[in-house]
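Asker:
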Amino acid sequence: MPKRTDIKKILIIGAGPIVIGQACEFDYSGAQACKSLREEGYEIILVNSNPATIMTDPNLSDKTYIEPITKDFVEQIIKLEKPDALLPTMGGQTALNVSMELAKSGILKKNKVKMIGANPEAIELAEDRQKFKNAMREIGLKCPESFIVEKLSKAIEVKTKLALPLVIRPSFTLGGTGGGVAYSDKEFVELCQRGLKASPTNQILIEKSVSGWKEFEMEVVRDNKDNCIIVCSIENIDPMGVHTGDSITIAPSLTLTDKEYQILRDASIKVLKKIGVDTGGSNVQFAINPKNGEINVIEMNPRVSRSSALASKATGFPIAKIAAKLAIGYSLDELKNDITKTTPASFEPTIDYIVTKIPRFTFEKFSGADSNLTTSMKSVGETMSIGRSFNESLQKGFSSLEYGLDGLDIPQNLKLDKKNILIDLKKQSSQKLLTIGQALRLGIETKEINNITKYDHWFINQLKSIIEIEEFIKKNEINKEILLIAKKNGFTDKKISKLKNCSEIKIRELRCSNNIKPIFRLVDTCAGEFSSQTPYLYSSYDWNFENKAFCESNPTNNKKIIILGGGPNRIGQGIEFDYCCVHAVYALKEKGFETIMINCNPETVSTDYDTADRLYFEPLTAESVLEIYKKEEENGEVLGVFVQFGGQTPLKIANEIEKAGVKILGTSTEAIDLAEDRDRFSEILRSLNIKQPKNGFAKNIDEAIHIAKDIGYPVLIRPSYVLGGRAMEIAYNENHLKSFTKNALDVSSNNIILVDQYLENATEIDVDLIRDNKGNIFVAGIMEHIEEAGIHSGDSACSLPPFSINSQMQKEIINLVSKIANKIKVVGLMNTQLAIKYNNIYVLEVNPRASRTVPFVAKARGIPVAKIAAKVMTGDLLEKILSQSKIKELNTFNVKESVFPFNKFDGVDLVLGPEMKSTGEVMGIDNTFLSAFAKSQIACGTILPSKGKVFISIDDDNKKFIVKIVKKLINLSFTLIATRGTASFIKKHNIKIETINKVKEGDPHIVDAIKNNEIDLVINTTKTQGSIRDSYSIRRTSLTNNIPYYTTIAGAKVAVDAIEHLKKNKLKVKSLQELS
């Protein structure tokens, strides 16, 4: 069937900020959809609030709106653009929920907008738990016994019927937000209350737990001719009870019999047809009872999902691209397979390798967080690995995680004796597979491990084989035969060297002297049945000495550059760095170089097979990079490697690969080390007569105490060579210092910590610049943080241009950062963080690499910052590049605001500090600073109230700053309520305010008032550890009840100013194309 001619203009809704449960896989799917629909001649309108995405690049759509993804804002865009159709399936749960709001409120019908890809009825049927359960029963499929409730009293009745343990699943939420498994009455009540609040429809499903059953997913695609294909079957190694996003998964499924596979295949197609997904991709999840084979349907997603991105990368089948084409009328048999270029998309992919996905957690960022896994997702990223065997694939996956693992290593922070390991096996932890490995090392029987963990015997036996090889390597002298067996099973050079207690270089030399090197095989969708035209590659040691190794890499004779990606997303290193890597690829292609991408993150645009000319899906370790470099050197000319765009990940291996003969392009490793080494960097600042906070280095607690006394409290404690402010804290006294120093020393890679003077109430500034090899400098953006210095730059909101810094001060800043860039001879990007106090400028730190603000600056200025930097790194001069670029003057204010995962971690405080905790960001663009700020708040889910009651509790040092804010709130007709100390202070200024008890002072107290919806805004600042503990429940309750809260004076001031501004001004939308 040819494409539809009744539609010309299509609106695509993106997923918004990166949050747990909805990450950059939707940038990948959205970017694919935009490209594939535009090439069919459709006009594309895109709305997304996340500036760090490729899909919001203005050249990907005809009109790009970086605006909040809410019904009201999307309605404005619909009225302006008058699209014919809305594609709701590319932006995760966010896009589905907003699309349903638009449909139910009649906005789509009123504006004659058709929904394509999935209709409202199908979405409702899949997302409404009761309707889905009824639909499954009608087609003869079982679901776990369950009931839908909308009130806590009904939930308690259900508990009596079903008996604990029970699973609570809120409707219309992402990543299982608000849900979990209840094992006790107390847990049940807490989860039900949280789930009812988390669900936009105030509806939860209470389900009989099938924990311990095996879990499988089927990725299905259907067209309008009723053709259905299974793109990929995915097996969760973790049994039911853990969210699939937190499970280690493999493709294809390995423990299903063919009969079971065919039953699941048929069932998943029946589910799609019953739900009414006419075209596109869907994910269906099943549970199988290992005792009797009973199959239950758990849920289905009527959209492109996290698993769709994984299945696409695992097979090479571009689900999002195909789904977009199917939505406009094509059938599967009319579309070509991009990998083979010969077979149609109706051919089901077949794979002859094993793919492993391992989630990446950052529990270390959230003190007090429960690290046990449940049905509510907690991982912030993932890595994918490909091997010819399960063992090879699994160990590659672990070495890709950037936890310091080299394979199936000993679990961290556990007591390793048999008694404690047996206890830990009962916990559903993020280290479960490593714990099973340790249990096997201690001689615990596989049957006992299976009884405790419910992991399939086959997987436990595979882990046992890895442990047996490990022991064999330890006990025997290493020779080429043992070495090849180890490499076939995924043992890295580093892992083998640790087992043999020798250097990694020695093992590498032994391997190379015996000509043991990896072969590279193609991901081709067809298990080699047809020839593949797309160089999408993975490494393997699947060969033997008797036969010639078969390698499919075939390097070209072109001039080429390798780009190192950022690896798995985690807090401190996210989608912003992938954005920079992709732009580096675009720049190099424009210059005629062949581009080679190395990365291991399946969620990203950089690992799309059509981004770079050649893609190696490999761990970002020195060993992997060196082997790829050597392979590519066999033909053509490798000009060098880019390490500047992938965050800290490539920088960590830059010295090692350079010593092995790899050329690093752009800023030299010497210059990188100069900026990272605080002692040497301090010398540079002194030589340039540039101020910096007083600082010192400590190797132990006593040295830290001595330095702090010299500097004077408060001081900032930080480990060296870490990303995202890991283990950074502000110490106000010696007791704080002792506690924080121990943590920082544990985290520091070189056992040295930095003790810096903390500049209280200073204004923090971020500057991004580009320098070429002739010393020419282009300052791309000067950003002023809204929160004062001391909040990590990745967590603070910021404005471009600055909202309170005068032009003279900005000139001084430009002069200062230019001096530093020239002194350390940066070539490419450099980010500088500064603080201004009493009109003095202090340099806090310099990063001679891409920063997380680069995409934001690029969108604000309309300049491809990362592309320009990439060209500069290959020798181009700024003067020539900038003369060819259209550089607009900033005529708008642009505010970046951070998004936090606190709702996923019970027991975690919301107070911000020098350690980064945000997972993503949004952007507000408008003609005034306050309008832009208001948009940024709406985009991250903070709806500023226009009336009501404001609760205020301020620490003593900040009380003097609150008076102006409360006077403005009174003028705006808000009523005020405060704890006793704050109320007493405010009353002294003749301001009317009520007093309410703290929790420890007894009823009626502030937490009850928040729970009873009596409070509309919370302003709560704290400083001492005691006050932070006392006020924790205030902040936590505000979060769970969706009450806007501010924990800094600076943030509260701007928020109240914005409330005043919104009373007089209406927020309007504008596309990036109109703004340029």
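Numbered according to the working numbering, the sequence shown spans residues 882 to 1957. All C-beta atoms, glycine included, are put in the ideal place defined by N, C-alpha and C. No experiment lies behind these values; they were computed from the predicted model shown.
#1: Where are the alpha helix (DSSP H) runs, 4 residues long or more, that stay fully inside the stretch 1420-1448, in chain order?
#2: With DSSP collapsed to three states, give me the class of Leu983.
#3: Nearest-angstrom Cα distance between Lys1375 and Cys1024?
#4: Within the same chain, show all residues whose beta-carbon is closer than 6 Å to that of Lys890, passing over the 5 residues directly before and after it, in chain order.
#5: Shortest alpha-carbon distance to Asn940 belongs to which of Leu1496, Leu1469, His1464?
#6: For Thr886, count neighbouring C-beta atoms within 10 Å of its own C-beta (all shown protein chains included) and say buried if the count is 16 or more, exposed if not.
#7: Among Ser1505, Ser1128, Ile1456, Glu1513, whose alpha-carbon lies nearest the alpha-carbon of Val1486?
#8: Within the stretch 1186-1254, note down every full beta strand (DSSP E) run reaching 3 residues or more, in order along the chain.
#9: Taking the CB atoms as reference points, tell me whether Ile1896 and Tyr1927 lie closer together than 9 Å.
#10: Helix, strand or coil: which one does DSSP assign to Gln903?
#11: Would you call Thr1476 buried or exposed, if buried means 16 or more other Cβ atoms sit within 10 Å of its Cβ?
#12: Considering only their Cβ atoms, is the gap separating Met1711 from Ile1768 smaller than 9 Å?
#13: According to the neighbour-count rule (16 or more other Cβ atoms, all chains shown, within 10 Å of its Cβ), is His1617 buried or exposed?
#14: Exposed or buried, Ala1936, counting other C-beta atoms within 10 Å across all chains shown (16 or more means buried)?
#15: What separation, rounded to the nearest whole angstrom, lies between the Cα atoms of Asn1775 and Phe1814?
#16: With distances taken between CB atoms, is the gap from Asn1480 to Cys1462 smaller than 9 Å?
#17: Taking a contact to mean a Cβ-Cβ separation below 9 Å, would you say Asn1272 touches Gln1309 in this structure?
#18: Would you list, in sequence order, the uninterrupted alpha helix (DSSP H) runs of no fewer than 4 residues that lie entirely inside the stretch 958-1010?
#19: What whole-angstrom Cβ distance do Met1258 and Gly1447 have, given they're in contact under 8 Å?
#20: Which same chain residues, not among the five before or five after Ser1685, have their C-beta less than 8 Å away from its C-beta?
#21: Residue range of the beta strand (DSSP E) that Ser1114 falls in?
#22: Do Lys1544 and Lys1507 come within 9 Å of each other at the CB atom, strictly closer than that value?
#23: Where do the ends of the beta strand (DSSP E) carrying Thr1130 lie?
#24: Between Thr1550 and the rest of its own chain, which residues show a CB-CB distance below 7 Å, the 5 nearest in sequence each way excluded?
#25: State the DSSP-derived secondary structure class of Leu1763, mapped to helix, strand or coil.
#26: Within 10 angstroms of its Cβ, does Tyr946 collect 16 or more other Cβ (buried), or is it exposed?
#27: Can you give the Cα-Cα distance for Ile1347 and Lys1369, rounded to whole angstroms?
#28: Rounded C-beta distance between Ile1722 and Lys1572? I'm assuming under 8 Å.
#29: Roughly how far, in whole angstroms, is the beta-carbon of Ile1400 from the beta-carbon of Lys1361, given that I think they are within contact range, below 8 Å?
#30: I'd like the list of long-range same chain contacts for Glu1201, defined as Cβ closer than 6 Å, with 5 residues on each side in sequence excluded.
#31: Tell me whether Pro1531 is buried or exposed, calling it buried when 16 or more other Cβ atoms sit within 10 Å of its Cβ.
#32: Find the nearest neighbour of Gln1143 within the set Ile1179, Met1181, Lys1172, Phe1097, judged by alpha-carbon distance.
#33: Taking Glu1229 and Ile1111 to be in contact with their CB atoms under 8 Å, please state how far apart those CB atoms are, rounded to whole angstroms.
#34: Taking the alpha-carbon positions, what's the Ser942 to Leu961 distance?
#35: Would Ile950 and Val928 be called neighbours here (beta carbons separated by less than 9 Å)?
#36: Would the beta-carbon of Ile1333 fall within 9 Å of that of Leu1306?
Answerer: Walking through what the data contain:
#1: Scanning the stretch 1420-1448 for uninterrupted alpha helix (DSSP H) segments of 4 residues or longer gives nothing; none is fully contained.
#2: The residue you call residue 983 lines up with position 102 of the sequence shown. Helix.
#3: On the sequence shown, position 494 is the one that residue 1375 refers to. On the sequence shown, position 143 is the one that residue 1024 refers to. One C-alpha to the other measures close to 47 Å.
#4: Position 9 of the sequence shown holds residue 890. So the list reads Glu924, Pro964, Asp965, once near-sequence residues are dropped.
#5: For the purposes of this step, residue 940 is taken as the residue at position 59 of the sequence shown. Ranking the options by Cα distance to Asn940, first place goes to His1464.
#6: Stepping through the sequence shown from its first residue, residue 886 is reached at position 5. Exposed is the label assigned to Thr886, since fewer than 16 other Cβ atoms lie within 10 Å of its Cβ.
#7: Start at 1 with the first residue of the sequence shown, and residue 1486 comes out as number 605. Among Ser1505, Ser1128, Ile1456, Glu1513, the Cα nearest to that of Val1486 belongs to Ile1456.
#8: Those beta strand (DSSP E) runs which fall completely within the stretch 1186-1254 and span 3+ residues are 1235-1241.
#9: As a working note, residue 1896 is residue 1015 in the sequence shown. As a working note, residue 1927 is residue 1046 in the sequence shown. Contact: no.
#10: Looking up residue 903 in the sequence shown gives position 22. Note: Gln903 maps to strand in three-state DSSP.
#11: Locating residue 1476 in the sequence shown gives position 595, counting from the first residue. It counts as buried.
#12: Locating residue 1768 in the sequence shown gives position 887, counting from the first residue. Locating residue 1711 in the sequence shown gives position 830, counting from the first residue. No, the Cβ-Cβ distance between Ile1768 and Met1711 is not below 9 Å.
#13: Counted from its first residue, the sequence shown places residue 1617 at position 736. Buried.
#14: For this step, residue 1936 is matched to residue 1055 along the sequence shown. Ala1936 should be labelled buried.
#15: Within the sequence shown, residue 1775 is the residue found at index 894, counting from 1. Within the sequence shown, residue 1814 is the residue found at index 933, counting from 1. Cα to Cα, Asn1775 sits roughly 8 Å from Phe1814.
#16: The residue given as residue 1480 occupies position 599 in the sequence shown. The residue given as residue 1462 occupies position 581 in the sequence shown. In contact: Asn1480 and Cys1462 (Cβ atoms closer than 9 Å).
#17: As a first step, residue 1272 is located in the sequence shown; it is residue number 391 there, counting from the start. As a first step, residue 1309 is located in the sequence shown; it is residue number 428 there, counting from the start. Note that the C-beta distance between Asn1272 and Gln1309 is not below 9 Å.
#18: The DSSP assignment places complete alpha helix (DSSP H) segments of no fewer than 4 residues inside the stretch 958-1010 at 973-985, 988-991, 1001-1008, in order along the chain.
#19: What you label residue 1258 is simply residue 377 of the sequence shown in a count that begins at 1. What you label residue 1447 is simply residue 566 of the sequence shown in a count that begins at 1. Contact flag wrong, Cβ pair sits at about 21 Å.
#20: The residue you call residue 1685 lines up with position 804 of the sequence shown. Cβ within range, chain order: Thr1644, Glu1665.
#21: Translated into the one-based positions of the sequence shown, residue 1114 becomes position 233. Note, Ser1114: beta strand (DSSP E), 1109-1117.
#22: Translated into the one-based positions of the sequence shown, residue 1507 becomes position 626. Translated into the one-based positions of the sequence shown, residue 1544 becomes position 663. The sequence given here places Leu at residue 1507; Lys does not occur at that position. No Cβ-Cβ contact shorter than 9 Å links Leu1507 with Lys1544.
#23: As a first step, residue 1130 must be located in the sequence shown, where it is residue number 249. 1130-1132 is the span of the beta strand (DSSP E), which, as asked, contains Thr1130.
#24: Sequence index remark: in the sequence shown, residue 1550 carries index 669 (1-based). Only Ala1535, Asn1536, Glu1539 meet the Cβ criterion.
#25: On the sequence shown, position 882 is the one that residue 1763 refers to. Helix.
#26: Taking the first residue of the sequence shown as 1, we reach residue 946 at position 65. If you draw a 10 Å sphere on the C-beta of Tyr946, you find 16 or more other C-beta atoms in it, and that means buried.
#27: Here residue 1347 refers to the residue found at position 466 when the sequence shown is read from its first residue. Here residue 1369 refers to the residue found at position 488 when the sequence shown is read from its first residue. Distance between the alpha carbons of Ile1347 and Lys1369 is about 11 Å.
#28: Position 841 of the sequence shown, counted from the start, is the residue given in the question as residue 1722. Position 691 of the sequence shown, counted from the start, is the residue given in the question as residue 1572. Rounded, the Cβ-Cβ distance is 6 Å, consistent with contact.
#29: For the purposes of this step, residue 1400 is taken as residue 519 along the sequence shown, with counting starting at 1. For the purposes of this step, residue 1361 is taken as residue 480 along the sequence shown, with counting starting at 1. Their Cβ separation, rounded to whole angstroms, is 16 Å, which puts Ile1400 and Lys1361 out of contact at 8 Å.
#30: Counted from its first residue, the sequence shown places residue 1201 at position 320. This sequence places Ala at residue 1201; Glu is not what is there. Hits under 6 Å: Ser910, Gln913, Ala914, Val1185.
#31: Sequence index remark: in the sequence shown, residue 1531 carries index 650 (1-based). Label assigned to Pro1531: buried.
#32: Position 262 of the sequence shown, counted from the first residue, corresponds to residue 1143. Checked all of Ile1179, Met1181, Lys1172, Phe1097; the closest Cα to Gln1143 is Phe1097.
#33: Sequence index remark: in the sequence shown, residue 1229 carries index 348 (1-based). Sequence index remark: in the sequence shown, residue 1111 carries index 230 (1-based). The pair is a contact, with the Cβ atoms about 6 Å apart (cut-off 8 Å).
#34: Translated into the one-based positions of the sequence shown, residue 942 becomes position 61. Translated into the one-based positions of the sequence shown, residue 961 becomes position 80. Those two C-alpha atoms are separated by around 16 Å.
#35: As a position in the sequence shown, residue 950 is number 69, starting the count at 1. As a position in the sequence shown, residue 928 is number 47, starting the count at 1. Between Ile950 and Val928, the C-beta spacing is below 9 Å.
#36: The count along the sequence shown starts at 1 and reaches residue 1333 at position 452. The count along the sequence shown starts at 1 and reaches residue 1306 at position 425. In contact: Ile1333 and Leu1306 (Cβ atoms closer than 9 Å).
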